[in-house]
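Asker: Below is the structure I would like to discuss, written out as structure tokens.
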Amino acid sequence: MIEQSLVLIKPDGVQRGLIGEVIKRFENVGLKIVGMKMQRVDKKFAERHYPKRLIPILGGKTLADWEDLGIKTTKGKEELGKQAWNDLIKFTTEGPILAFVLEGVHAVQIVRKMVGHTSPHKADPGTIRGDYSPISMGYATVRKFGGRNLIHASGTVEEAKAEVKLWFKPGELHTYKTVHETHTR
Ligand code: UDP
Ligand code: MG
Numbered sequence: 245m246i247e248q249s250l251v252l253i254k255p256d257g258v259q260r261g262l263i264g265e266v267i268k269r270f271e272n273v274g275l276k277i278v279g280m281k282m283q284r285v286d287k288k289f290a291e292r293h294y295p296k297r298l299i300p301i302l303g304g305k306t307l308a309d310w311e312d313l314g315i316k317t318t319k320g321k322e323e324l325g326k327q328a329w330n331d332l333i334k335f336t337t338e339g340p341i342l343a344f345v346l347e348g349v350h351a352v353q354i355v356r357k358m359v360g361h362t363s364p365h366k367a368d369p370g371t372i373r374g375d376y377s378p379i380s381m382g383y384a385t386v387r388k389f390g391g392r393n394l395i396h397a398s399g400t401v402e403e404a405k406a407e408v409k410l411w412f413k414p415g416e417l418h419t420y421k422t423v424h425e426t427h428t429r
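The sequence shown begins at 245 in our numbering and counts up one residue at a time.
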């Protein structure tokens with residue numbers, strides 16, 4: 245029942261100086277940090293983290309936002325998705341990322357809840373994207389600056405397993421007991 249989730253503070257989050265604020269939230273909720281590192285990734289690695297199969301999903305999200313923004317287009321999901329994906333890969337490689345693994349009961353779902361909706365304009369107040377990001381994914385596609393929504397979190401338990409393996413070697417993950425596990429249970 246104990247899950248792990250991969251979280252990335254993306255280059256915009258690092259540049260905004262939000263590392264402490266974000267980590268504090270996960271520690272406060274009681275999730276355990278079992279691995280952490282700062283890494284700048286190249287294009288090849290970014291494409292493994294964000295594979296090309298995401299293209300129609302990104303295109304669909306951009307189209308949904310464009311409807312909110314009143315932008316009319318004849319372009320389809322594939323074409324818009326391709327543009328958003330290219331911008332996303334460029335953004336992902338532009339600066340260092342803080343990568344960490346959180347462990348706990350329902351870790352994947354709890355982390356996603358705290359991260360909020362993909363497009364920050366739809367993310368609830370109290371979520372990381374909702375509290376700290378004043379953009380939408382549709383706007384990012386118009387401006388071509390990449391989906392700068394501060395943070396990545398694994399979407400499902402399956403995705404988490406693959407992503408933890410991609411970012412961390414087994415020796416970089418740690419087993420230890422928190423003070424609560426040692427003294428209060
Ligand atoms: N993204 C984007 N444009 C879009 C939708 C998504 O640039 O229209 C970026 C954004 O940075 C997002 C990432 O692509 O976090 C991965 O998209 P996904 O649908 O997996 O969203 P997430 O799981 O991060 O909420
Ligand atoms: Mg995702």
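A virtual CB, placed ideally from N, CA and C, is assigned to each residue, including glycine.
Only a predicted model underlies this, so the values are computations on that prediction, with no experimental measurement involved.
Could you check what DSSP says for Lys276 in three-state terms: helix, strand or coil?
Answerer: DSSP places Lys276 in strand when its eight states are reduced to three.
Asker: Considering only C-alpha positions, which residue in the set Val355, Met280, His350, Gly303 is nearest to Gly320?
Answerer: Of the listed residues, the one whose Cα sits closest to Gly320 is Gly303.
Asker: Using DSSP with H/G/I as helix, E/B as strand and the rest coil, what is Leu252?
Answerer: Strand, per DSSP.
Asker: Taking only heavy atoms of the ligand MG into account, decide whether any of them is closer than 7 angstroms to the Cβ of Gly390.
Answerer: Answer for Gly390: no, Cβ out of range of the ligand MG.
Asker: Is it a yes or a no for the segment 338 to 355 touching the segment 267 to 277, going by three-plus beta-carbon pairs under 8 angstroms?
Answerer: Output reads yes: the segment 267 to 277 touches the segment 338 to 355.
Asker: For a test of your reading of the model: does the CB of Gly399 fall under 7 angstroms from any non-hydrogen atom of the ligand MG? Yes or no.
Answerer: At least one heavy atom of the ligand MG is nearer than 7 angstroms to the Cβ of Gly399, so yes.
Asker: Closer than 7 angstroms to a non-hydrogen atom of the ligand UDP - does that hold for the CB of Met381?
Answerer: The answer is yes for Met381.
Asker: Leaving out five residues on either side along the sequence, give the residues of the same chain with a beta carbon under 6 angstroms from the beta carbon of Leu252.
Answerer: If we look at Leu252 and ignore the five residues flanking it on each side, its Cβ neighbours are Ile341, Ala343, His396.
Asker: Is Val266 helix, strand or coil when you go by DSSP?
Answerer: It is helical.
Asker: According to DSSP, is Ile315 helix, strand or coil?
Answerer: Coil.
Asker: Among the candidates Lys413, Ile301, Gly415, Val386, whose CA atom is the shortest distance from the CA of Trp310?
Answerer: Considering only alpha carbons, the answer is Val386.
Asker: Measure the beta-carbon distance from Phe389 to Phe335 and round it to whole angstroms, keeping in mind my assumption that it falls under 8 angstroms.
Answerer: 7 angstroms between Cβ atoms; contact.
Asker: Are there 16 or more other CB atoms within 10 angstroms of the CB of Arg429, so buried, or fewer, so exposed?
Answerer: That one is exposed.
Asker: Within the same chain, show all residues whose beta-carbon is closer than 7 angstroms to that of Glu338, passing over the 5 residues directly before and after it, in chain order.
Answerer: These residues qualify, in order along the chain: Pro255.
Asker: Give me the residue from Leu332, Gly264, Arg269 with the minimum Cα distance to Val285.
Answerer: Closest option to Val285, Cα to Cα, is Leu332.
Asker: For Glu322, collect the residues of the same chain with a Cβ closer than 8 angstroms to its Cβ; drop the 5 residues on either side in sequence, then sort them by chain order.
Answerer: So the list reads Ile299, Pro300, Gly303, once near-sequence residues are dropped.
Asker: State the DSSP-derived secondary structure class of Ile379, mapped to helix, strand or coil.
Answerer: Reduced to three states, the DSSP call for Ile379 is coil.
Asker: Can you grab the Cα-Cα spacing for the pair Pro414 / Val408, in whole Å?
Answerer: Going by the C-alpha atoms only, they are around 9 angstroms apart.
Asker: For the segment 379 to 420, which segments carrying the beta strand (DSSP E) assignment without a break, of at least 3 residues, lie completely within its bounds, in sequence order?
Answerer: With a minimum length of 3 residues, the continuous beta strand (DSSP E) runs that stay inside the segment 379 to 420 are 395 to 397.
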